[in-house]
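Here's the structure, in structure tokens; my notes come after.
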Amino acid sequence: MRAVVIYATCEGQTERIAKRIALTLNEHGVAADTFDVTKTSVTELAIESYEAVVLGSPLHYGEHDRRVVWCIQENHHYLSKIPNAFFTVCLRILDERPDEQKTVDEAVSKLFSRINYTPSRRATFAGALRYSEYGWLKKHMMRWIAKKYGCDTRLNDDHEFTDWKAVEDFATEFAELVKHTLRPDLPGRWNPDANRRPWGRVTGQSKVSELQ
Numbered sequence: 003m004r005a006v007v008i009y010a011t012c013e014g015q016t017e018r019i020a021k022r023i024a025l026t027l028n029e030h031g032v033a034a035d036t037f038d039v040t041k042t043s044v045t046e047l048a049i050e051s052y053e054a055v056v057l058g059s060p061l062h063y064g065e066h067d068r069r070v071v072w073c074i075q076e077n078h079h080y081l082s083k084i085p086n087a088f089f090t091v092c093l094r095i096l097d098e099r100p101d102e103q104k105t106v107d108e109a110v111s112k113l114f115s116r117i118n119y120t121p122s123r124r125a126t127f128a129g130a131l132r133y134s135e136y137g138w139l140k141k142h143m144m145r146w147i148a149k150k151y152g153c154d155t156r157l158n159d160d161h162e163f164t165d166w167k168a169v170e171d172f173a174t175e176f177a178e179l180v181k182h183t184l185r186p187d188l189p190g191r192w193n194p195d196a197n198r199r200p201w202g203r204v205t206g207q208s209k210v211s212e213l214q
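Sequential numbering of the sequence shown, starting at 3, is according to the working numbering.
So, in structure tokens, the structure goes:
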């Protein structure tokens, strides 16, 4: 069985998360590749050569990466027949105010509703502030947004907020889903809802938000 993690990234945090998911899938018996749609056109990916798919995108200004969205739409029928998962990367989930959480939840739900997509598993993880890679304008704009969310705003350092255990738990759960979907003869009785977390709510700094 083989899976692919398809993702878009800007400053690299979504890529780090995608690669950790692929590594965890491999460690749990599901061979996994990664595919960056910002470097290679998704039209060059033979998605039907994979038996499971994970898709990931940062959420910027309420929108997911259009290339990832196009990939879902173009392969909608095939994705509906195999185990698939979706993750969002953003910082607004660090803000515990209900109205902020609702804003991000609505952005993700709106996307799924618009393209009629229901992934087998979904989650949102906090990303990072990579001030060292921003230009002057973006650096100060991101600092203002970070302050609003209660994040560290020191410009001399980069700041990572991703809960890596939550990422690994997400990948581990998906690996079990893949194995027991494709190989129902495997020993043991797997309950897919036993440890399943509510969507958009993962432990630690991982839920839903707007910055990569």
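Note that the Cβ used here is the ideal one computed from N, Cα and C, for glycine as well.
Contact between residue 7 and residue 33 is ruled out by a C-beta separation of about 12 Å, above the 8 Å threshold.
In this structure residue 4 is exposed. Its beta-carbon is surrounded by fewer than 16 other beta-carbon atoms within 10 angstroms. Sequence-distant partners of residue 170 (beyond 5 residues in either direction) whose C-beta falls short of 6 Å from its own C-beta, in its chain, are 26. Here the alpha carbons of residue 111 and residue 91 stand approximately 15 Å from one another. Excluding sequence positions up to five before and after residue 84, its CB lies within less than 7 Å of the CB of 53, 54 and 55, all in the same chain and listed in chain order. For residue 167, the closest C-alpha among the options 180, 74, 128 and 121 is that of 128.
As DSSP reads the structure, residue 62 sits in a beta bridge with 65. The C-beta distance from residue 74 to residue 57 rounds to 6 Å, short enough to meet the 8 Å contact threshold.
The straight-line gap separating the alpha-carbon atoms of residue 113 and residue 51 is approximately 26 Å.
Non-local C-beta neighbours of residue 123 in its own chain, meaning closer than 6 Å and more than five positions away in sequence, comprise 87 and 176, ordered along the chain.
For residue 183, the enclosing alpha helix (DSSP H) stretches over residues 166–184. The three-state secondary structure of residue 119, taken from DSSP, is coil.
In the DSSP assignment, residue 52 falls outside any beta strand (DSSP E), carrying neither H nor E. Under the DSSP assignment, residue 18 falls in the alpha helix (DSSP H) whose first and last residues are 15–29. Judged by DSSP secondary structure, residue 81 falls within the alpha helix (DSSP H) whose first and last residues are 78–81. Under the three-state reduction of DSSP output, residue 10 falls in the coil class, being neither helix nor strand. According to the DSSP secondary-structure assignment, residue 35 is paired through a beta bridge with 6.
When the Cα atoms are used, residue 59 and residue 183 turn out to be separated by approximately 25 Å. The C-alpha of residue 180 is placed about 25 Å away from the C-alpha of residue 67. Counting only residues of its own chain and dropping the five nearest sequence neighbours on each side, residue 28 has a CB closer than 7 Å to the CB of 34.
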